[in-house]
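Colleague:
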Amino acid sequence: MTIAAGIGYALLALGPSLSLFISVISKKPFLILTVLSSTLLWLMSLIVLAGLVFKKGFGFFFGKFTSD
0 MTIAAGIGYA
10 LLALGPSLSL
20 FISVISKKPF
30 LILTVLSSTL
40 LWLMSLIVLA
50 GLVFKKGFGF
60 FFGKFTSD
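Under numbering that gives the first Met the number 0, the first residue of the sequence shown is numbered 0, with each subsequent residue one higher.
If you want it as structure tokens, here you go:
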């Protein structure tokens, strides 16, 4: 039952994006490359932003307790 629920939840979560990918993007190879490169760029910017927020946020809150 857990596997069936997991598959159902995955299809519910990924259904709209999968249908858009199949109906629009998969017919044009250039769009596949564009989507993959923009996804990689988005992920890299998210990682950099999370690192900055982590460093600045904890430095602001816990900076008075450190001695560097």
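Quick reminder that beta carbons are idealized off the backbone N, C-alpha and C, glycines included. It should be emphasised that the depicted structure is a prediction, and the values quoted were computed from it without experimental measurement.
Assuming I6 is part of the alpha helix (DSSP H), what are its boundary residues?
Modeller: The residue labelled residue 6 in the question sits at position 7 within the sequence shown. T1 to L19 is the extent of the alpha helix (DSSP H) around I6.
Colleague: Alpha carbon to alpha carbon, what distance is there between L19 and S25?
Modeller: Your numbering for residue 25 matches position 26 in the sequence shown. Your numbering for residue 19 matches position 20 in the sequence shown. Whole-angstrom Cα-Cα distance: 9 Å.
Colleague: So, with DSSP's three-state summary, where would you put K27?
Modeller: For the purposes of this step, residue 27 is taken as the residue at position 28 of the sequence shown. Correct three-state label for K27: coil.
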